[in-house]
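Q: All letters in the sequence shown, in the order written, are residues 43 to 349 by our numbering. Think of the CB as a built atom: it goes at the ideal place given N, C-alpha and C, for glycine as much as any other residue.
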Amino acid sequence: MITYLKFESGFSEIGEWKPGCWVNVEQPTEEELQILTSEFGLPEDFLYDISDMDERPRVERNDGWICTILRIPVRSTDQPMPFITIPVGVIVNGDYIITVCYYANQLISDFIEHTQKRNTDVRTAPDFILRLLNSSAYWYLRYLKDVHKMVQEAEGELQQSIRNEDLFTLMNLQKSFVIFATSISGNNILLDRIKRLSGHELDHELFEDVSIELRQADSTVTIATQMLDRTLDTYASVISNNVNAIMKRLTSISLILMFPTLIASFYGMNVDVGISMENHWAFGCIVGIGFLLAAIICLWMRRIKWL
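(1) Am I right that A146 and E55 are in contact with their C-beta atoms under 8 Å? What's the rounded C-beta distance?
(2) Quick one: Cα of F88 to Cα of P61, how far?
(3) Where in the segment 215–240 do unbroken runs of the beta strand (DSSP E), each at least 3 residues long, occur, reported from the N-terminal end onward?
(4) Looking at the secondary structure, which residues open and close the beta strand (DSSP E) in which W64 lies?
(5) Just list the residues that DSSP pairs F170 with in beta bridges.
(6) According to DSSP, simplified to helix, strand and coil, what is N147?
(7) Determine the contact status of C63 and Y46, defining contact as a CB-CB distance below 7 Å.
(8) Counting only the same chain and skipping the five closest in sequence on each side, list residues whose C-beta sits under 6 Å from that of I44.
(9) Once you ignore the five residues that flank T267 on each side, which residues in its own chain have a CB closer than 8 Å to its CB?
(10) Under three-state DSSP, which class holds S118?
(11) Short check: CB of L186 to CB of T262, under 7 Å?
(12) Go through its chain and collect everything with a Cβ distance to E199's Cβ below 6 Å, but skip five positions before and after it.
(13) Does DSSP put G57 in a helix, in a strand, or in coil?
(14) Check each candidate in T141, G228, I77, F170 and name the one with the smallest Cα separation from D96.
(15) In three-state terms, what does DSSP make of N286?
(16) Where do the ends of the alpha helix (DSSP H) carrying E73 lie?
(17) For a quick check, are the C-beta atoms of G52 and Q158 less than 7 Å apart?
(18) So, helix, strand or coil for N104, using DSSP?
(19) Excluding the five sequence neighbours on either side, which residues of its own chain have a C-beta within less than 8 Å of the C-beta of D94, listed in chain order?
(20) Within 10 Å of its beta-carbon, does S282 have 16 or more other beta-carbons around it, so buried, or fewer, so exposed?
(21) Roughly how many angstroms lie between the CA atoms of L341 and Q258, to the nearest whole one?
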C-alpha cells in the first residue's frame with residue numbers, strides 16, 4: 043500500500059505525490075514496487091535489501107539516492123518468538139522521502155498520529171530519520187514491558203509445576219531479548235553514522251534525545267536478558283535437584299524392600315533352613331524379621347536425611 047503524506051502541523055494524508063511530501067510504502071505489491079522503480083526511479087538494489095528480513099541497520103548511497111535502513115520491533119504472528127524486529131528503509135533524494143517496509147507494523151501509524159498530536163516540525167530528512175529512530179526506541183521499551191509480563195506469567199506457571207512448555211516459552215522470550223539487543227545495538231551504530239554524514243543539517247538537541255532513548259532501551263534489554271538468563275539457570279538447577287531427589291527416593295525404597303525380599307528368598311529355597319514346616323509361627327516369624335529389618339533401614343535413612 044502506498045500513501046502520500048504532506049507535512050501540515052504533523053503528517054496528513056493527501057491523494058497524490060507532491061514535492062517534499064512523504065511517500066509511505068507498507069507491504070507493497072509487485073505493481074507498487076514497479077511504480078517505485080519506474081515513476082520515482084528507486085534503485086532496485088535498495089528495495090531488494092529492505093526486503094531481506096535479516097538486513098542490518100546501515101546507510102548506502104546509489105546514484106544520488108541515500109538509503110537508510112533501521113530495525114523496528116513488531117509482534118510476531120507466525121513464529122514461536124512473540125516479538126521480532128524487521129527492517130524499514132528510508133530512501134531520500136532531493137524532494138523524495140520514501141519509506142519502505144515489507145511487513146505490517148504499528149510504528150508508522152503511531153508515528154503519524156504522534157506528529158499530528160504534537161504538531162511536530164520535521165524540517166529535513168535527517169530530522170525525519172531521527173524521529174523514526176526515537177519512535178523505534180519507544181516501541182522497544184513498550185514491547186519490553188510486555189515481554190517482562192510474559193516472563194512473570196511463565197515463572198508463575200513454573201513455580202506450580204515445571205513443564206517443558208513453560209521452559210520453551212522462556213526460551214523463546216530469551217530469543218526475543220537477544221534479537222532486540224542486536225537490533226538496538228545496530229540502530230545505535232546507525233545513529234552515529236547519521237551524525238557523521240548529516241553535518242550542519244542535524245538537529246543536535248534531537249540527536250541527544252534519540253541517543254538517550256536508544257541507550258535506555260539498550261540498557262533495559264541488557265538487564266532483562268541477564269535476569270532471564272539467571273532465571274533459566276535457576277530452573278535448570280531446580281530441575282536437576284528434583285531429579286536427584288527422585289532418584290534418591292527410588293534408591294531408598296529399593297534398599298528398604300531389598301531386605302524383606304532377601305529374607306523371603308532365603309526361606310523360599312527347597313533346603314532345610316532350620317524352621318519346621320509344621321511350625322504355625324514360621325510364616326509370621328519370617329515376615330516379621332523382614333519388616334523389622336526394613337524398619338531399621340528406614341529409620342537409619344531418615345537419620346541420615348535420605349528420606
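A: With the given structure in hand:
(1) Working through the sequence shown from its first residue, we reach residue 146 at position 104. Working through the sequence shown from its first residue, we reach residue 55 at position 13. Beta-carbon to beta-carbon, A146 and E55 are separated by about 18 Å, too far to satisfy the 8 Å threshold.
(2) Mapped onto the sequence shown, residue 88 falls at position 46. Mapped onto the sequence shown, residue 61 falls at position 19. Cα to Cα, F88 sits roughly 21 Å from P61.
(3) none
(4) The residue given as residue 64 occupies position 22 in the sequence shown. Here the beta strand (DSSP E) through W64 covers 64–68.
(5) Indexing the sequence shown from 1 puts residue 170 at position 128. Partner(s): none; F170 has no beta bridge.
(6) Taking the sequence shown and counting its residues from 1, one reaches residue 147 at position 105. In the structure shown, N147 sits in coil (DSSP, three-state: anything other than H, G, I, E or B).
(7) Residue mapping note: residue 63 aligns to position 21 of the sequence shown, counting from 1. Residue mapping note: residue 46 aligns to position 4 of the sequence shown, counting from 1. Yes, they are a contact pair.
(8) The count along the sequence shown starts at 1 and reaches residue 44 at position 2. Non-local beta-carbon contacts of I44 in its own chain, meaning distances under 6 Å to residues more than five positions away in sequence, involve V67, E74 in chain order.
(9) If you number the sequence shown from 1, residue 267 lands on position 225. So the list reads Q216, F219, V220, A223, once near-sequence residues are dropped.
(10) One-based indexing of the sequence shown puts residue 118 at position 76. Coil, per DSSP.
(11) For this step, residue 186 is matched to residue 144 along the sequence shown. For this step, residue 262 is matched to residue 220 along the sequence shown. In contact: L186 and T262 (Cβ atoms closer than 7 Å).
(12) Taking the sequence shown and counting its residues from 1, one reaches residue 199 at position 157. So the list reads D208, once near-sequence residues are dropped.
(13) If you number the sequence shown from 1, residue 57 lands on position 15. Coil, per DSSP.
(14) Residue numbering aside, residue 96 sits at position 54 when the sequence shown is read from its first letter. If we check each option's Cα against that of D96, G228 comes out closest.
(15) In the sequence shown, residue 286 corresponds to position 244, counting from 1. Note: N286 maps to helix in three-state DSSP.
(16) Taking the sequence shown and counting its residues from 1, the one referred to as residue 73 is at position 31. That run of the alpha helix (DSSP H) goes 72–80.
(17) For the purposes of this step, residue 52 is identified with residue 10 of the sequence shown, where counting begins at 1. For the purposes of this step, residue 158 is identified with residue 116 of the sequence shown, where counting begins at 1. Yes, they are a contact pair.
(18) In the sequence shown, counting from the first residue as 1, residue 104 sits at position 62. The answer is strand: DSSP assigns N104 an E or B state.
(19) The residue given as residue 94 occupies position 52 in the sequence shown. Around D94: P129.
(20) In the sequence shown, the residue the question calls residue 282 occupies position 240. With fewer than 16 Cβ atoms within 10 Å of its Cβ, S282 is classed as exposed.
(21) Position 299 of the sequence shown, counted from the start, is the residue given in the question as residue 341. Position 216 of the sequence shown, counted from the start, is the residue given in the question as residue 258. Straight-line Cα distance between these residues: approximately 59 Å.
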